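S.K.: Heads up: the sequence shown runs through residues 8 to 79, numbered per the numbering used here.
Heads up, the beta-carbon is just placed ideally off N, CA and C, and yes, glycines get one too.
As the structure is a computational prediction, the values presented were derived from the model and not from experiment.
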Amino acid sequence: MNDFDTVIIQDCISSKTREVQEANIKDFINVGFTVLDSGKFIADLDSYTKENPKYQAIVRHLRKQRTGKIKP
8 MNDFDTVIIQ
18 DCISSKTREV
28 QEANIKDFIN
38 VGFTVLDSGK
48 FIADLDSYTK
58 ENPKYQAIVR
68 HLRKQRTGKI
78 KP
């Protein structure tokens, strides 16, 4: 969405059964989301520093949203 990478943290979501959970995860992957466990996500947080262009793009987008220059 909005050219952002979407990350699903798989051990932070739940479903009624394991089979449904596995199907949901496959669906997330098929639509282009990155699926990680929380440990990997936390380990990767260091890659999103203030110097990172993706981090800067997220900050710019949020600032525009807050000022009303774009719709949420």
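Out of Val14, Gly75, Lys76, point me to the one whose CA is closest to aspartate 44's CA.
M.R.: Considering only alpha carbons, the answer is Val14.
S.K.: Would the region 65-74 and the region 28-46 be scored as touching if the rule is three or more Cβ pairs under 8 Å?
M.R.: No, the region 65-74 is not in contact with the region 28-46.
S.K.: Mind checking which residues open and close the beta strand (DSSP E) that includes isoleucine 15?
M.R.: Here the beta strand (DSSP E) through isoleucine 15 covers 14-16.
S.K.: Give the straight-line distance between the Cα atoms of serine 21 and glutamine 28, rounded to the nearest whole angstrom.
M.R.: Spanning the two alpha carbons is a distance of roughly 7 Å.
S.K.: Pop quiz: glutamine 17 and isoleucine 36 are said to be a contact at Cβ under 8 Å. What is the actual Cβ separation, rounded to whole angstroms?
M.R.: Wrong, their Cβ atoms sit about 10 Å apart, outside the cutoff.
S.K.: Measuring CA to CA, which of Leu52, Thr41, Asp51 is closest to phenylalanine 11?
M.R.: Taking only the C-alpha atoms, the option nearest phenylalanine 11 is Thr41.
S.K.: In angstroms, rounded to a whole number, what distance separates the CA positions of valine 66 and glutamate 26?
M.R.: Each residue's Cα considered, the two are about 37 Å apart.
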